[in-house]
Each structure stands twice: as structure tokens, then as C-alpha cells.
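Using the numbering used here, read the sequence shown as starting at 534 and increasing by one per residue.
Encoded as C-alpha cells, the structure appears first; notes follow it.
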Amino acid sequence: MADIKAVSIVIVLALVSLVFIPLQWLAIKLRLPIQKVLPCVWHKIAARMVGIKIQQMGEPCRDRPLLLTSNHASWLDIAVFGSLMPLSFIAKSEVSGWPVFGLLAKLQRTVFVNREKRSETGNVANEIAERMAAGDAMVLFAEGTSNDGNSVLPFRSALIGAATRAAGNGRAGTQVWVQPVSIAYQGFYGIPMGRAHRPHVAWYGEMELAGHLWGIFRRGALDVIVSWGDPILINAATDRKALTRHLEQEVRSMTLASLRQKQEPQDISLANEPVKFFQNEEKPAKAGR
């Protein structure tokens, strides 16, 4: 039965892709607004087919320009975030050459980063800043790699600097929103998966993508918690490294709380109170109500 389920998922997603790929390609070429919406619809279908149940704590920031900074545990992160709202991702350049997934990433209007050439970081940051200034919500997996889903690795500050560039490239006084967001794979079939089983969902290290995909399609019924932190208001003078440390702390705190099942949806009210994070502010205070 599990194999039949996996085959049916592959067939349905292939058929859906045959319809969506040419539509999205045309929308990008003609610069139609629907180019931001079509990938979201595709991810919603994919998440439903696989059996991903998403529980959200708080809500995404509605203001723009917006950079979302998240932890990264699996290729499933793309489908989860992509199903929640129109957005684009920032990914390593190798992804662009992957069969099928590289094409899908390009159609999602992903910005690719070459980690081997640090000299290109500035140009990529400028591209991200331009996309944000144009109203695109951009997702940065700030650890720079995926992990086993049980922890959060240190955040890298280089591309988080794209947010301050977006502020600096605009008119005087331009401000940009940066929002920490956490993703945590919490259970199978409503039962907590535990630390030992979470790596079966996480995709990291030298794991083979095809085999991991097939395993997820066979198992399915995943419970995922997405926690939206307080949006942070920054400007061109913001200390990039201090901002990075703050984002890392927020994402780590939300992730560990989700994995320990200490959060309840009705008790969480995030993203309603912005944080101002300007120069020389190590720990920003919440704005008054």
C-alpha cells in the first residue's frame, strides 16, 4: 500500500507540473503578477498529496520589503513555506543544476548563491535587495546548510546583509522588515516522532535525494510546526552581525519550543508587535502597544 501511495503521488505531481510549468514560464516571460501565485498553488497541492499537516504559530509579516530568515532541515521546507504564501527562496548555486528540482527552483524565481566565490556575495546581496524592494518576500535559510532537524546551526551574516542593502539602496529613511521564522517536524500521524526519528524527515549531509523523496512519499502524514517570530524593523545603519545573532537566538528558541511541544496555538501571539533594530542595539525592545 505504501508503494502504491508513493506512485500515485509521483503521478499526480507530474501531471500537475505538466500544467503549471508552461503557465509559470509564460507568466515570468510576460512579467504577469500571477507568477508569484502559481508556485504557491503548486506547493499547496504537493503538501496535501504528501500529507503534510502544517500548524502555524503567529503569522507572517504583511509589510514589505521583507526578508524571512529560517532554520533548514529538509527539502520539505520548500513545500511547507511555499504553500503558506507567495514567496521566493535564496539557495546554493548547485540547486540550479539539479534535474527537475533545478527547473522548479528557477520557476519559483529563486536567487542562487555561489558559496565558492565570496567575491559574488555583494552582487547576490544586491539582487536580493532589488527583489525585496520590488515587493517580493524572500526566504533565507540562514544556517547555510540543512541539519538533522533536532537543533539550529549558527546563522551566517553575509546574506542577511541584503536586508540592510535594501534599506540603503532606497530613498533616505527607507526601512526594511526582517522576520525570524522556525520550522520543526514534530510528528507522524499525530504521534510525536522524537529525536531519534526526526532525521528520517530531515535531509542533510550525503543523503541521496531520490531515496529520501521516495521514503517521504511512502510514509507521509507529517506534522509540521511553523512559528513566526516578531518582525524586526531595520535601516541602513543596522549592525548586521548583531541582527544575525538576534535572529539566530529567536529561531533557535522557537524551534526548540516546538520540538518540546511547549507551545499551544491559542497561547501564541507573534508578529503583531514589531521590533525596531537600528544601529548599536544589541537587544531590541518591543515597540509599545
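Beta carbons are placed, not taken as given, at the ideal position from N, Cα and C, and that holds for glycine.
These numbers come from a predicted model, not from an experiment.
Mapping the DSSP letters down to three states, classify residue i as helix, strand or coil.
i, result
"residue 555", "helix"
"residue 600", "strand"
"residue 748", "helix"
"residue 770", "coil"
"residue 606", "coil"
"residue 734", "coil"
"residue 590", "strand"
"residue 679", "coil"
"residue 708", "coil"
"residue 641", "coil"
"residue 757", "strand"
"residue 633", "coil"
"residue 713", "strand"
"residue 801", "Low local confidence applies: a pLDDT of 37 at residue 801 is under 50, so the model's placement there is unreliable, with the coordinate-based value given in what follows. It is coil, neither helix nor strand."
"residue 721", "strand"
"residue 700", "helix"
"residue 670", "strand"
"residue 535", "helix"
"residue 816", "Note that residue 816 scores 47 on pLDDT, short of 50, meaning its location in the model is unreliable; the coordinates nonetheless yield the value given after this. Of the three classes helix, strand and coil, the one that applies to residue 816 here is coil, per DSSP."
"residue 690", "coil"
"residue 628", "helix"
"residue 684", "coil"
"residue 646", "strand"
Counting only the same chain and skipping the five closest in sequence on each side, list residues whose C-beta sits under 6 Å from that of residue i.
i, result
"residue 695", "658, 661, 662"
"residue 642", "621"
"residue 788", "604, 685, 715, 717"
"residue 750", "539, 542"
"residue 728", "683"
"residue 581", "none"
"residue 792", "717"
"residue 589", "759"
"residue 777", "688, 690, 693"
Is it right to say residue i is buried, meaning 16 or more other beta carbons lie within 10 angstroms of its own, or is it exposed?
i, result
"residue 678", "exposed"
"residue 723", "exposed"
"residue 575", "buried"
"residue 547", "exposed"
"residue 736", "buried"
"residue 627", "exposed"
"residue 563", "exposed"
"residue 672", "buried"
"residue 560", "buried"
"residue 617", "buried"
Rounded to whole angstroms, how far is the Cβ of residue i from the Cβ of residue j, which I believe are closer than 8 Å?
i, j, result
"residue 761", "residue 709", "Not quite, the Cβ-Cβ distance comes to about 17 Å (not below 8 Å), so this is no contact."
"residue 603", "residue 784", "7 Å"
"residue 549", "residue 567", "Rounded, the Cβ-Cβ distance is 16 Å, inconsistent with contact."
"residue 573", "residue 635", "Actually they do not touch by this definition, with Cβ atoms about 19 Å apart."
"residue 765", "residue 711", "5 Å"
"residue 584", "residue 753", "4 Å"
"residue 780", "residue 693", "7 Å"
"residue 675", "residue 689", "6 Å"
"residue 734", "residue 565", "With 8 Å as the limit, residue 734 and residue 565 do not qualify as a contact, their Cβ atoms being about 35 Å apart."
"residue 587", "residue 545", "Not quite, the Cβ-Cβ distance comes to about 19 Å (not below 8 Å), so this is no contact."
Quick one: what's got a C-beta closer than 7 Å to residue i's C-beta in the same chain, skipping five residues either side?
i, result
"residue 558", "640"
"residue 653", "647"
"residue 697", "767, 769, 771, 773"
"residue 569", "619"
"residue 553", "571, 575"
"residue 731", "681, 682, 683, 718"
"residue 629", "635, 638, 639, 645"
"residue 556", "571"
For residue i, which residues in the same chain have their Cβ closer than 8 Å to its Cβ, ignoring the five residues on either side in sequence?
i, result
"residue 536", "751"
"residue 720", "726, 755, 756"
The region 585-605 contacting the region 661-676, beta-carbon criterion three pairs below 8 Å: Yes, they touch.
Are the region 683-690 and the region 745-763 in contact at 8 Å, needing three or more beta carbon pairs? Judged by Cβ distances under 8 Å, the region 683-690 makes no contact with the region 745-763, as fewer than three pairs qualify.
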